[in-house]
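Number of protein chains: 4
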Amino acid sequence: MLIIMNPSAGADEIAAVLRAARDEGLHPRLAVRDGATVIACAPSQRAARLGGLTGVRRVEAIATPYVLASRAFQAGDTVVRVGSVEVGAEELVLMAGPCVVESSAELELVAPALRAAGARVLGGGALKPRASPYALLGLCPEGLEPLGDVGSRHGLPIVSEVMDPSEVAAMAERVDLLQVGAHNMQNFELLKALGQQRHPVMLRRGPSATIEEWLLAAEYILAGGNTGVILCEEGIRTFERATRNTLDLSAVAVVKAASHLPVIVDPSHAVGRRAYVGAMARAAVAAGADGLFIEVHPDPGRALCDGAQALRPTDLERLGADLAVIAGAVGRRFPGPAPTTERTSGRGACGPFGIRSLI
Amino acid sequence: MLIIMNPSAGADEIAAVLRAARDEGLHPRLAVRDGATVIACAPSQRAARLGGLTGVRRVEAIATPYVLASRAFQAGDTVVRVGSVEVGAEELVLMAGPCVVESSAELELVAPALRAAGARVLGGGALKPRASPYALLGLCPEGLEPLGDVGSRHGLPIVSEVMDPSEVAAMAERVDLLQVGAHNMQNFELLKALGQQRHPVMLRRGPSATIEEWLLAAEYILAGGNTGVILCEEGIRTFERATRNTLDLSAVAVVKAASHLPVIVDPSHAVGRRAYVGAMARAAVAAGADGLFIEVHPDPGRALCDGAQALRPTDLERLGADLAVIAGAVGRRFPGPAPTTERTSGRGACGPFGIRSLI
Amino acid sequence: MLIIMNPSAGADEIAAVLRAARDEGLHPRLAVRDGATVIACAPSQRAARLGGLTGVRRVEAIATPYVLASRAFQAGDTVVRVGSVEVGAEELVLMAGPCVVESSAELELVAPALRAAGARVLGGGALKPRASPYALLGLCPEGLEPLGDVGSRHGLPIVSEVMDPSEVAAMAERVDLLQVGAHNMQNFELLKALGQQRHPVMLRRGPSATIEEWLLAAEYILAGGNTGVILCEEGIRTFERATRNTLDLSAVAVVKAASHLPVIVDPSHAVGRRAYVGAMARAAVAAGADGLFIEVHPDPGRALCDGAQALRPTDLERLGADLAVIAGAVGRRFPGPAPTTERTSGRGACGPFGIRSLI
Amino acid sequence: MLIIMNPSAGADEIAAVLRAARDEGLHPRLAVRDGATVIACAPSQRAARLGGLTGVRRVEAIATPYVLASRAFQAGDTVVRVGSVEVGAEELVLMAGPCVVESSAELELVAPALRAAGARVLGGGALKPRASPYALLGLCPEGLEPLGDVGSRHGLPIVSEVMDPSEVAAMAERVDLLQVGAHNMQNFELLKALGQQRHPVMLRRGPSATIEEWLLAAEYILAGGNTGVILCEEGIRTFERATRNTLDLSAVAVVKAASHLPVIVDPSHAVGRRAYVGAMARAAVAAGADGLFIEVHPDPGRALCDGAQALRPTDLERLGADLAVIAGAVGRRFPGPAPTTERTSGRGACGPFGIRSLI
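Chains as they are written, first to last, in our numbering: chain E, 945 to 1303; chain X, 945 to 1303; chain D, 945 to 1303; chain R, 945 to 1303.
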């Protein structure tokens, strides 16, 4: 449900409605739409009753269990700024990098190729969470240093994973986009912590999460007041084993219809084999994705982690050309090589990120 | 395993090797590759021993459990002829039609639009098998009559489903392409009957079939001597319910790498909702599919069956334009409107279908 | 929907109602309940309208898409007779045998142990359908001969699989219970053929079939007039690979609540490893199954097929003792060793099977 | 791999081996087996090389990716003490309580019935994590107070969920058993925090976790030095929707074969409907589970959460009688009503928990 306040409603009236909603067990969350104060809350007939309170303009029923993430709440697309890059706008955003940061030297080898291929965001794990405690990988916290340095030098905002609510603030100072890993998609404490701050978040879909649960996880972040959420599809767990997971590209179509949030696709993690990454990247763009996350390694055969799925930098450049044509067929643009003169001053200089239409 | 005979090997030598393989329990199947007689059989060290028999040139190990369907058996793509249409060649093939044939009038309404959109094959169920005995649909056997008549009049070969081994021969006289429904993918008696004849077959993937099982089902048909097999992906059953099934587009990439058989995609049955069909059709072409099967109905709101997923004829025309651009980006062509002068004389006149390279 | 006729309704009145229902597209099926003629048909408001026809007592709404298989149609449990054995009564029925019949000698070794363990039905495949055409197993049609002979000699009715509608009649003369394999659960032509005759049928659940689809498949057989349907759960396909499939024991509880049909469990095929068969057999009885199907082989290490999951005869005897205790805890009985004097005259002498309450 | 040190090895020798293993990237973890120091580490040929270091007795290859959780590491069953209760011993342990604690009064109503039914642990959520931010339930942190008070008064140790690494220490002072919810099974930061302390942990299986991943999650806790891990199966996510999840009882058999850790089953969350809970509880005991977790509510129709799956206290008492018989059939005991004189002094008095054989 969505309780829309009158523009003239005062702080005490808003507070009174919030209190009433809380008393009804509706878990109200304050948000802003088109400049007006709104209160999202649980679907319930009790919410309708609050329509009579002073300052309430009307109560809107929302058909989905998520409210702020829905197209019913916001018809237009959300555009999330990641450093100098916009995700969800006409131009598709390619994020790329190694599974786990191994060294500055390796990143320096990769970065120019990423730019040449049209990539605009540099990704990489500092410490890669793994199913086994004996398989941990990464150089944390040092891994973030090379990522930040190389990103800064090459004008590429950076994305990396945050795993613990207590680390959110520190990570937010060091990366442009905070990533929630698939296994943490329903780590609600982490989602709440991410909602309490204003850095953009890329929320990967859990391998057994329904699309509805995924959007509800996004709602946790939005409900905290952070409107910068990017969704990332990376495959769901099925009986098929020819690929690591089954890339659910229809999820892109479903999300674009149901939500205003941008959604990107990570074909590398989904299929787990280099040979299939290109086809799935092309398909993702054709399906309407707002961007891609692709693993790249200068020498996949020697990668510490997931080398079998990493593209070589030259593969990525070739792929970029295909993507540009397909993007055109679906009314989007895929950027060409980043101009070498382009140079953001890095994370430090990234202004406060902003969502165009939501707050 | 594959036992390759010398070109000079006589019928009695071939018979002797077959007998020996049968005695070893290897279930040998005679086939032809590049003009030479070969014998496909079970992977087994016992097959290697047959290398010493007279007339045997060499024994080739095949890494996959399917032999005749593998790229190791045949490196080049198989092209299957359906009436006057080639499936698996450079030009993508769009098959389209209603879920179940309701009347000649309805088909007549749809056929010109199909041609205009670039469709080259007309599909439709005569009797639609359904999970419930109270939900059967169709006018069988009369349904095939209108399908054949309208196809003939508009120069569109037709495809329809065969369900019983005993009906294969009669159906083959009436349709250009015999379809095996997803729920029958492992109806081995049906597969064997289809292998014993020479009409091309479109084999839909079962909702819980692995890609390997799907290719093994194709192998049943190929092993009977019928080389005209087209695969059709229509989604797998997963936990996600926002779509009917989960369209597994990575299966297209996997099949194209592992097999020489053409593979098409049916987004309509996979997603079950019109709104997502276009995006998935575009994605399928980008993923490398050899064609599409799309449900179309002149008035989806009044369709007897699956109206929610059927496109309107005008939707299909618009989609065709997008597909042409994407096809170009992946080195394929999507045909424009069929010339109105084109006119095959229908099924009767369809020459014997042939596979380019396999027999 | 269920249309209940007056006891006094004449044949012409029944025919008129059937005709009217057919005209409404309701796919009506004649059945008998408590001696009264009833007509099962599709759920539809049009069915309600037929309540005004002469001879109709009332029209009953059935909440489930299956009608004849539901508890709403028949509250009491159906008991299916297989030769001299009752399935679905207080006494649990153990069916056992090899995956595929290898020889009379092997069966002779196994049969006494089965009797000693409390088994009452002898099962075995004549020809085992396999995913690969190179992996076929069996001696068909000779395999049925030893099965019949040994069953006859040891007083054990026999069960084997039928795969083709055209073979139903011949098989029905040779086995006491016709089995539909999991991959054929939605082979509707086969289901219809089995509904047209009066031999009992064991319907295995397809690996990706929902419980509702499984009961609808049973409905196909019931709707043809054959009331002797036994369900068999053998696991569903999931992401877990530690077992072949995931045995869904909650399906037993769901089926027993929703349907009057007996349901047995095959732990051997579900788990695929001997070490887990005993635990799952015990759990199945505790869950309320009406019986078990367990693979047994005199020398599992040398079995042609699925030896890894077959119990040794001595394992089965030990298991029988546990089952007896658990059966007691859930209000059932597990039979002790079959008396050596027991001797049915075999299939030939099996009277017409009968369902206690349904017709 | 497992590096076994000589009993005489000194602290410096152990430190040197640890250092060498760390340098090899093997992520070594110190543990104790039968009084001897051992070092678990990644499976690798590099580990074998460490066999030559001073103080190393031998290096043992472990076939599974988990080491400390495997039967190869410890053949005998682990028994975990939860307050005064032993989990994993001959006597089965029934844990029960409401989904979420609503009030002291409600718990007081339930507690005597639990004792009468044979339950030995009281469970309940203080704050129930939910997929939607608008559906949160619970009175946290006050919820733990009534749970602790009522548990103490009735001599029942308590179990409740911990969600954030930063809350582990505070929770450990208030509950006897720390629970990891299914959605947090791969929240590795939480697992590590739980490994660093000595309170026992119940690790619920994630809905899409393989058994191997579940045991690897347990390994994270064990590898930190906390040997008190209880596994809890509560169903996996499949395509079937007649039950909330599909209870995977074969997982019990697989875990008992592969691991020494106790495993209990929660049928309530798995099936989601009261009508099926009893059958699944019986089946779990027959399958070899070490205990059960069952939801109970004094008035399920008015429960704040999951009332549809909660048993009434009287249902639980009846169920207890069945469980006792089945337990006997599988060589276990199910406790009768707890003697009213029994009275632990509550959490405060729970001595340091201990695992019999591991450390």
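We treat Cβ as the ideally placed atom computed from N, Cα and C, and that holds for glycine.
**Message:** The alpha helix (DSSP H) that contains GLY1222/R, what's its start and end?
**Reply:** Per DSSP, GLY1222/R is one residue of the alpha helix (DSSP H) stretching across 1218-1231.
**Item:** GLU1030/X - partner residues in DSSP beta bridges
**Value:** Bridge pairing for GLU1030/X: ARG1025/X [DSSP].
**Item:** Beta-bridge partners of SER1014/E, as assigned by DSSP
**Value:** When beta bridges are read from the DSSP output, SER1014/E appears opposite SER1203/E.
**Request:** Could you run through the region 1223-1256 of chain E and flag, in chain order, every residue whose CB is less than 8 Å away from some CB of chain R?
**Result:** Cβ proximity to chain R below 8 Å picks out nothing from the region 1223-1256 of chain E.
**Asked** Which whole-angstrom value describes the C-beta separation of GLU1163/X and TYR1010/X, a residue pair presumed to lie in contact below a C-beta threshold of 8 Å?
**Response** Their Cβ separation, rounded to whole angstroms, is 4 Å, which keeps GLU1163/X and TYR1010/X in contact under 8 Å.
**Message:** For the structure I just gave you, are there three or more beta carbon pairs, one from the region 1013-1021 of chain E and one from the region 1215-1227 of chain E, closer than 8 Å?
**Reply:** Because the criterion of three Cβ pairs below 8 Å is not met, the region 1013-1021 of chain E and the region 1215-1227 of chain E do not touch.
**Asked** Okay, do the region 1149-1159 of chain X and the region 1221-1229 of chain X touch, 3+ Cβ pairs below 8 Å being the bar?
**Response** Contact fails: fewer than three Cβ-Cβ distances are below 8 Å.
**Request:** Quick one: list the residues of chain X neighbouring LEU970/D, beta-carbon separation under 8 Å, in chain order.
**Result:** Residues of chain X whose Cβ lies closer than 8 Å to the Cβ of LEU970/D are, in chain order, TYR1078.
**Message:** Using a Cβ-based criterion (distance less than 6 Å to any ligand heavy atom), does VAL1103/D qualify as near the ligand SAH?
**Reply:** In the structure shown, the ligand SAH is absent, as is every other ligand, since no ligand is present at all.
**Request:** Give every residue of the same chain whose Cβ lies closer than 8 Å to the Cβ of THR1187/R, excluding the five residues on either side of it in the sequence, and list them in chain order.
**Result:** These residues qualify, in order along the chain: GLY1179, ALA1214, VAL1215, GLY1216, ARG1217 and TYR1220.
**Asked** If you check the beta carbons only, do VAL1024/R and PRO1206/R fall under 7 Å apart?
**Response** The answer is yes: Cβ separation under 7 Å.
**Asked** Given a threshold of 16 other Cβ atoms within 10 Å of its Cβ, counted over all protein chains shown, does ALA1265/X qualify as buried or as exposed?
**Response** Its Cβ having fewer than 16 others within 10 Å, ALA1265/X is exposed.
**Request:** With a cut-off of 8 Å on the beta carbons, I'd call VAL1274/R and GLY1245/R a contact; round off their distance for me.
**Result:** Actually they are not in contact, since the Cβ atoms of VAL1274/R and GLY1245/R sit about 35 Å apart, beyond 8 Å.
**Message:** Taking DSSP's pairing of strands, which residues face CYS1176/E in a bridge?
**Reply:** CYS1176/E is bridged to ARG1148/E and ILE1208/E.
**Message:** Considering only the alpha carbon of each residue, which of THR1171/R, PRO1042/R and GLU1105/R lies closest to HIS1204/R?
**Reply:** Per the Cα distances, THR1171/R.
**Asked** When you check each C-beta in the region 974-992 of chain E against every C-beta of chain R, which residues fall closer than 7 Å?
**Response** Against chain R - using a Cβ distance shorter than 7 Å - the residues of the region 974-992 of chain E are CYS985 and ALA986.
**Asked** By Cβ distance, which residues of its chain are closer than 6 Å to GLY1068/E, with the 5 residues on each side in sequence left out?
**Response** Setting aside the 5 residues that flank it on each side, GLY1068/E is surrounded in the same chain by GLY1041, PRO1042, VAL1045 and LEU1091, each with a C-beta closer than 6 Å to its C-beta; the list follows chain order.
**Request:** Give, in chain order, every unbroken run of the alpha helix (DSSP H) that is at least 4 residues long and sits entirely within the region 1237-1284 of chain R.
**Result:** Whole alpha helix (DSSP H) segments, 4+ residues: 1257-1273.
**Message:** For the region 1073-1081 of chain X against the region 1109-1119 of chain X, do three or more pairs of beta-carbon atoms, one drawn from each stretch, fall closer than 8 Å, so that the two count as touching?
**Reply:** Using a C-beta cut-off of 8 Å, the region 1073-1081 of chain X makes no contact with the region 1109-1119 of chain X, since fewer than three inter-stretch Cβ pairs fall below that distance.
**Item:** Rounded Cβ spacing between VAL1094/X and LEU1121/X (contact assumed at less than 8 Å)
**Value:** About 15 Å separates the Cβ atoms of VAL1094/X and LEU1121/X, ruling out a contact at the 8 Å cut-off.
**Cβ pair VAL1029/X, VAL1054/X closer than 7 Å** = Contact: no.
**Item:** Nearest-angstrom Cβ-Cβ length linking MET949/X and ALA980/X, presumed shorter than 8 Å
**Value:** Between MET949/X and ALA980/X the beta-carbon gap is near 7 Å, inside 8 Å, which marks them as a contact.
**Request:** For ARG1181/X, go through chain R and note every residue whose CB falls closer than 8 Å to its CB, in chain order.
**Result:** Within 8 Å Cβ-Cβ: PHE1183.
**Request:** Could you name the residues of the same chain whose beta carbon sits closer than 8 Å to that of VAL1003/X, not counting the 5 residues immediately before and after it, in chain order?
**Result:** So the qualifying residues of the chain are MET945, LEU946, ILE947, ILE948, ALA991, ALA992, LEU994 and GLY995.
**Prompt:** Taking the runs of the beta strand (DSSP E) that are 3 residues or longer, which of them lie wholly in the region 1057-1131 of chain X?
**Reply:** The qualifying runs are 1063-1067, 1102-1105 and 1121-1124.
**Item:** Straight-line Cα distance separating LEU1263/X from ASP1281/E
**Value:** The displayed chain sequence assigns Pro, not Asp, to residue 1281/E. Distance between the alpha carbons of PRO1281/E and LEU1263/X: 30 Å.
**Prompt:** Is the Cβ of ASP1192/X closer than 7 Å to any Cβ of chain D?
**Reply:** With 7 Å as the cut-off, ASP1192/X does not count as an interface residue toward chain D.
**Request:** Might you give, ordered along the chain, the residues of its own chain that have their beta carbon closer than 6 Å to the beta carbon of GLY999/X, omitting 5 neighbours on each side?
**Result:** So the qualifying residues of the chain are MET949, ASN950, ALA953 and GLU957.
**Asked** Can you name, in chain order, every residue of its own chain whose Cβ lies under 6 Å from the Cβ of GLU968/X, other than the five neighbours on each side?
**Response** Excluding its 5 nearest sequence neighbours in each direction, GLU968/X has C-beta neighbours in its own chain below 6 Å: ARG990, listed in chain order.
**Item:** Helix, strand or coil at ILE958/D [DSSP, three-state]
**Value:** In the displayed model, ILE958/D falls within a helix according to three-state DSSP.
**Asked** For HIS1098/X, which option in LEU1134/X, ARG1059/X and VAL1119/X has the closest C-alpha, if you only look at C-alpha atoms?
**Response** Cα-wise, what sits closest to HIS1098/X is ARG1059/X.
**Request:** Measure the alpha-carbon distance for VAL1037/R versus ASP1259/D and round it to whole angstroms.
**Result:** Approximately 29 Å between the Cα atoms of the pair.
**Request:** Could you tell me which of VAL1198/R, LEU1166/R, VAL1173/R and GLY1150/R sits nearest to ASN1189/R, measuring between CA atoms?
**Result:** Answer by Cα proximity: GLY1150/R.
**Closest Cα partner of THR1008/D within the set ASP1021/D, GLY1027/D and CYS985/D** = Nearest to THR1008/D by C-alpha distance, out of ASP1021/D, GLY1027/D and CYS985/D, is CYS985/D.
**Request:** Please name the residue or residues paired with VAL1003/D in a DSSP beta bridge.
**Result:** Per DSSP, ILE947/D.
**Request:** Determine whether the Cβ of TYR1164/E lies closer than 7 Å to any Cβ atom of chain R.
**Result:** Interface residue, yes.
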